[in-house]
Amino acid sequence: MSRVSVFGGGAWGRALAFALAEKNEVYIVSRRDITSLLAPLNEKIIANNHTPIQQVAHHQALNSQYFVMAIATSALREWLKTAHLPQKIKILCASKGIESGSGAFVSDIMEEYIPHKSIAYLCGPSFASEVVCSLPCALVIHSRNLNLSREFGALMPHFIKTYASPDVVGGEVAGAYKNVIAIAGGICDGLAFGMNAKASLLARGLVEMSRFGEHFGAKMETFLGLSGAGDLFLTSNSTMSRNYRVGLGLAGGKKIDEILKELGEVAEGVITAKAITEIGQREHIYTPIAKEISLILEGKSVKESLKSLMA
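Using the numbering used here, you'd call the opening residue of the sequence shown number 809 and step up by one each time.
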C-alpha cells in the first residue's frame, strides 16, 4: 500500500482521493475545512472497505511517496512557489487550463519548479460525481517518463482503466480547450439550435483544438482519443460540466459574474478562452470558436457571435 497526498479539496480533488483510497493510504490537503465535504465519501469508503481519507496539514502531506495536484490553474504558480516540495518527487497533475496573462501551459509552469521526468498529467473524460460512485471510466496519464505514467496507473482503482502517453502538450491542450468548446456547447443547447448545429459545433471544435495543439507539437492521435474527443464530448453535453452550465447561463442572458457566483466553483474555460484567443493572435493560429466565446464573455451578443461563426 502506497502513501498518496492529494493537494486540492475541490470536487475533483475529493473524487481522486476517494478513487485512490481503494488501494492506497490517502491524505488530502485543502485551504478550507472539508470534513463535511468528505462525509459522503467516508460513507462510500466504509461500504467498499477502503482506507479512510484523512485531511492533514501541508507539512504532514509531504512525507508521502506520491503526490496528486488538483488545484486551479490560476493558483498553480503561487502554490508551487510556496509548496516546498521534496527533491525526489513523483507528482500527478490533474489541473487543466492555460495561465491568464502569460499564456503559459500547465507543463510550462510545472517544469519551472519540478523536473519533467517527475511529472505526469491526468486527462480524459471523468466527471467527479461519477468517480465517487465508482462508475467505470478510462483515462490517459501523459508524461515524458512513461514509467511514471505506469506507476500512477497502478495506483488507480479497479473502475479506472488508464493508458500511458508521452504527448504532454496534446493532453494539456485538449484538457484546456475542451472547456472553451463546452461553453459553446451550453450556449448551443441553451438557444435550442438543435442537434445538427451541436454536431457541427463539436466537430469543428475538435478540428480547432487539434490545429492549435499541432502548432505546439502535439500529436493528432491525442485529439482523436480519450484526452481529446472523449473529454470534449463529455464536457460539452452535460449539466454536470461547470463550463457547459456557463454556456447555458450566457444563452439565458445572464452576465458572467452572476453565472460564476451561482456556480460557486472555478470554470476554467472562462479564463482559457481569452488565453487561447491571445495566443492564437500572437502565433497566427485560426481559433474562431475560442475567439467568439471570449467576445461573448466580454459582452458580445450570442446571436451576433453565431452570425460571425456562420459567416
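Beta carbons are placed, not taken as given, at the ideal position from N, Cα and C, and that holds for glycine.
Review point. Closest to S797 by CA distance: which of E980, Q873, I989, G911 is it?
Key: Outside the modelled stretch of the chain, which goes from 809 to 1119, sits residue 797, for which no answer is possible.
Review point. Just how far apart, CA to CA, sit A855 and P933?
Key: Interpretation of A855 is limited by its pLDDT of 47, a score under 50 that renders its predicted location unreliable; the figure taken from the coordinates is listed afterwards. Cα to Cα, the separation comes out at about 26 Å.
Exercise for review: Give a yes or no on whether the C-beta atoms belonging to V1074 and A880 are separated by under 8 Å.
Suggested key: yes
Practice item. List the whole-angstrom C-beta distance separating S915 from V948, where the pair is believed to meet the contact cut-off of C-beta under 8 Å. Key: With a Cβ gap of about 14 Å, S915 and V948 do not count as contacting.
Check your understanding: CB A878 to CB S910, shorter than 8 Å?
Key -> no
Review point. Taking Cβ positions, are I899 and S872 nearer each other than 8 Å?
Key: no
Practice item. Excluding the 5 residues preceding and the 5 following K1006 in the sequence, name in chain order all residues of the same chain whose CB lies nearer than 6 Å to its CB. Key: C996
Practice item. Report the rounded CA-to-CA distance for G1107 versus R885, giving the unit in angstroms. Key: 29 Å
Exercise for review: Could you tell me which of G905, G1055, S957, M964 sits nearest to S810, measuring between CA atoms?
Suggested key: M964
Practice item. For the stretch 935-974, list the beta strand (DSSP E) runs that are entirely contained and at least 3 residues long, ordered along the chain. Key: 945-950, 968-973
Review point. Of all the options L930, C941, I968, which has the alpha carbon lying nearest to the alpha carbon of L954?
Key: L930
Check your understanding: For the alpha helix (DSSP H) that V914 lies in, which residues bound it at each end?
Key -> 914-918
Review point. Taking just the CA atoms, how far does T1043 sit from N1051?
Key: 8 Å
Review point. Which one or two residues does DSSP pair with F815 in a beta bridge?
Key: V837, M877
Review point. F935: which of G1038, E1100, V812 sits nearest, CA to CA?
Key: G1038
Check your understanding: Hey, how far is the Cα of E1091 from the Cα of G817?
Key -> 36 Å
Exercise for review: For A928, name the three-state secondary structure that DSSP assigns.
Suggested key: strand
Check your understanding: In three-state terms, what does DSSP make of W820?
Key -> helix
Point to revise | Reference E907; option with closest CA among R839, A891, K1082, E1112 | key: K1082
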